[in-house]
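Numbering (UniProt numbering), first residue to last: 1 to 108.
Next up, the structure:
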């Protein structure tokens with residue numbers, strides 16, 4: 001499944017839609033950035049409540065398919081600007097990470 005298909009099927013709101021045709025290989029949930037850097041795999045959808053500019057760097061480092069900010073959290077302006085510069089796709093959802101992961105599991 002591609003990021004754009006996931007966005008459409010789950011009604012995710014785009015914050016920065018950079019790489020919509022990236023293939024999704026799995027899902028990773030994590031908020032501690034150092035753990036995400038060591039555990040997330042290439043092509044994973046990363047679910048987090050983190051919204052600061054550092055999430056962009058972690059997504060690039062792990063080669064995440066996209067970041068989905070959950071629980072209605074709002075990425076700050078600097079995070080969005082850096083995502084645009086680095087080509088990081090950020091989506092958002094009002095669902096919890098668990099609820100969203102369950103939905104993603106059914107799709108991929």
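Cβ coordinates follow ideal geometry from the N, Cα and C atoms, glycine included.
Since the model is a prediction, treat every value here as computed from it, not as a measurement.
query, result
"Delimiting residues of the beta strand (DSSP E) encompassing residue 45", "44-48"
"Cβ-Cβ separation, residue 44 to residue 25 (assumed contact under 8 Å), whole Å", "6 Å"
"Euclidean distance between Cα positions of residue 100 and residue 78", "25 Å"
"Three-way DSSP call (helix, strand, coil) for residue 52 in this model", "coil"
"DSSP state of residue 13 mapped onto helix, strand, coil", "strand"
"For residue 69, the first and last residue of its enclosing beta strand (DSSP E)", "66-69"
"Unbroken beta strand (DSSP E) run spanning residue 91, endpoints", "90-92"
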